[in-house]
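Start counting at 1 in the sequence shown, then tack on 1, and there's your number in our numbering.
By construction, the Cβ of each residue, glycine as well, lies at the ideal position given by its N, Cα and C atoms.
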Amino acid sequence: MRVLLTGSAGFIGGAIATALAGAGHEVVGADLMLPQAHGSSDVPAGTHRLDVRDPAGWAPLLAGVDAVCHQAAMVGAGARVADLPDYAGHNDLGTAVLLAAMHEAGVDRLVLASSMVVYGEGRYTCPSHGDQVPPPRSVAALEAGDVENHCPHCGSALGWALVDESARLDPRSSYAASKVAQEHYASAWVRQADAAAIALRYHNVYGPGMPRDTPYSGVAAMFRSSLERGERPQVFEDGGQMRDFVHVADVARANVLALESVVASGAGRYDAYNVSSGEPIPILDVARMVGADSGIEPEVTGGYRLGDVRHIVASPERARAELGFGAEVRPADGLREFATAPLRA
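What follows is the structure, given as structure tokens:
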């Protein structure tokens, strides 16, 4: 299988390229190298640099390709309102341009890097009233230190439950909105181009090679960056936010399985899968695990970001049943190893 891998110079893309090569597949690499994620890094050997929004750049790279693995995107929660055009341009327009170029070149199989942020808030339950769909948490409540979602019937704090792929999409940040748009473009392309696509909804990815000192990276890397500066990692809210952390090696393996599956499938297929460890963990515990050997305790600030949600953890069962994917690196092991893993400057 010959795969065009966008975002191949990135943290996740590099791991996927290695996994694809190890599985005997040929990789054509392409990347925009956004400074928010790559800093001043040089373009790696064998990687074609292009602007994903430029239709002319795609044609020569798509020749002879069996499938595209689209990882190129601007990530993060959206540090500033001014980031909105960049998310729309790089993620949404870039994906639309790529899909049009794929159709023109006769390439009709896609694996798309999506994210758990498409769900917005996770799944919540009340012991007395069952499943509930909470609205966005208000600024007034967050300012008052009330970080929980509450049952609209009895006012009790809602407990979390696992989200499956049938949950509604309800983005709560500019980045999340761009990922929903990417999925919608891919789904429409499948129907219009008689193609097939799989969207992989990553949970919090971590591992060697994450960029340091940038809000456009993952929270685990932000904790690591603080520790390297000798500073206490800053934990928002009360640290009880539940998340799922999945190692980059597992994410890479999920992409190989998804590519092999989508290439073997018939036209008209569009499926989304959660890519998670299946072992939810509180954010405060993540900070403690990453800093376990440093002697530096995290600081619970009580602060908040409006783009954040309280809990979001997902069921890995569909990916296990249909792709044969299950995470092999447990967060308790991987996060402690990450404490000394190299970061990207």
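For residue i, name the three-state secondary structure that DSSP assigns.
{"i": "P212", "result": "strand"}
{"i": "A250", "result": "helix"}
{"i": "T19", "result": "helix"}
{"i": "V236", "result": "strand"}
{"i": "G122", "result": "Position check: residue 122 holds Glu in this sequence, whereas Gly was assumed. Three-state DSSP puts E122 in coil, outside helix and strand."}
{"i": "N256", "result": "helix"}
{"i": "S179", "result": "helix"}
{"i": "R3", "result": "strand"}
{"i": "I313", "result": "coil"}
{"i": "Q242", "result": "coil"}
{"i": "G30", "result": "strand"}
{"i": "V301", "result": "strand"}
{"i": "D132", "result": "strand"}
{"i": "T341", "result": "coil"}
{"i": "P56", "result": "helix"}
{"i": "H154", "result": "coil"}
{"i": "V287", "result": "helix"}
{"i": "R81", "result": "coil"}
{"i": "R110", "result": "strand"}
Per DSSP, residue i forms a beta bridge with which residues?
{"i": "Y88", "result": "None, per the DSSP bridge assignment."}
{"i": "A273", "result": "A200"}
{"i": "P332", "result": "DSSP, once it has assigned bridges, lists no residue as partnering P332."}
{"i": "S115", "result": "R202"}
{"i": "D195", "result": "None, per the DSSP bridge assignment."}
{"i": "G160", "result": "T126"}
{"i": "A68", "result": "V4"}
{"i": "H49", "result": "A31"}
{"i": "G13", "result": "The sequence shown places Ile at residue 13, not Gly. Paired residues: none, contrary to the question."}
{"i": "Y207", "result": "H248"}
How long is the line joining the alpha carbons of residue i and residue j, rounded to whole angstroms?
{"i": "A346", "j": "D309", "result": "26 angstroms"}
{"i": "L233", "j": "D294", "result": "In the sequence as presented, Leu is not what sits at residue 233; that position holds Arg. C-alpha separation (whole angstroms): 13 angstroms."}
{"i": "R270", "j": "H104", "result": "16 angstroms"}
{"i": "H151", "j": "G77", "result": "27 angstroms"}
{"i": "I313", "j": "Y305", "result": "16 angstroms"}
{"i": "A342", "j": "G208", "result": "7 angstroms"}
{"i": "V108", "j": "T19", "result": "22 angstroms"}
{"i": "A253", "j": "E318", "result": "18 angstroms"}
{"i": "A259", "j": "A315", "result": "18 angstroms"}
{"i": "L94", "j": "F339", "result": "34 angstroms"}
{"i": "T7", "j": "V181", "result": "19 angstroms"}
{"i": "G303", "j": "M2", "result": "49 angstroms"}
{"i": "G210", "j": "L324", "result": "26 angstroms"}
{"i": "A162", "j": "F246", "result": "16 angstroms"}
{"i": "R289", "j": "A196", "result": "45 angstroms"}
{"i": "A83", "j": "A89", "result": "11 angstroms"}
{"i": "L62", "j": "A168", "result": "36 angstroms"}
{"i": "L285", "j": "E329", "result": "23 angstroms"}
{"i": "L336", "j": "Q193", "result": "42 angstroms"}
{"i": "G240", "j": "P281", "result": "13 angstroms"}
{"i": "R50", "j": "V28", "result": "15 angstroms"}
{"i": "L143", "j": "A73", "result": "33 angstroms"}
{"i": "Y176", "j": "M75", "result": "8 angstroms"}
{"i": "Q235", "j": "V301", "result": "6 angstroms"}
{"i": "D272", "j": "I297", "result": "43 angstroms"}
{"i": "T215", "j": "L228", "result": "14 angstroms"}
{"i": "V4", "j": "D87", "result": "26 angstroms"}
{"i": "A145", "j": "H154", "result": "21 angstroms"}
{"i": "A333", "j": "A255", "result": "20 angstroms"}
{"i": "F326", "j": "A320", "result": "6 angstroms"}
{"i": "S179", "j": "G15", "result": "23 angstroms"}
Tell me whether residue i, by its Cβ, gets closer than 7 angstroms to a heavy atom of the ligand GDP.
{"i": "E261", "result": "Judged by which ligands are present, the structure shown has none, so any question about the ligand GDP falls away."}
Exercise for review: Evaluate contact between the region 258-272 and the region 60-68, counting only Cβ atoms and requiring at least three cross-stretch pairs below 8 angstroms.
Suggested key: The region 258-272, when compared against the region 60-68, does touch it at the 8 angstroms Cβ threshold.
Check your understanding: Three or more beta-carbon pairs under 8 angstroms between the region 93-100 and the region 180-200, yes or no?
Key -> yes
Practice item. Answer yes if the region 127-136 comes into contact with the region 110-117, meaning at least three C-beta pairs across the two stretches below 8 angstroms, and no otherwise. Key: No, because fewer than three Cβ pairs between the region 110-117 and the region 127-136 fall closer than 8 angstroms, the two stretches do not touch.
Practice item. Report yes or no: do the region 270-283 and the region 192-208 share at least 3 C-beta pairs separated by less than 8 angstroms? Key: yes
Review point. Counting pairs of beta carbons, one from the region 135-143 and one from the region 213-223, are three or more of them closer than 8 angstroms?
Key: no
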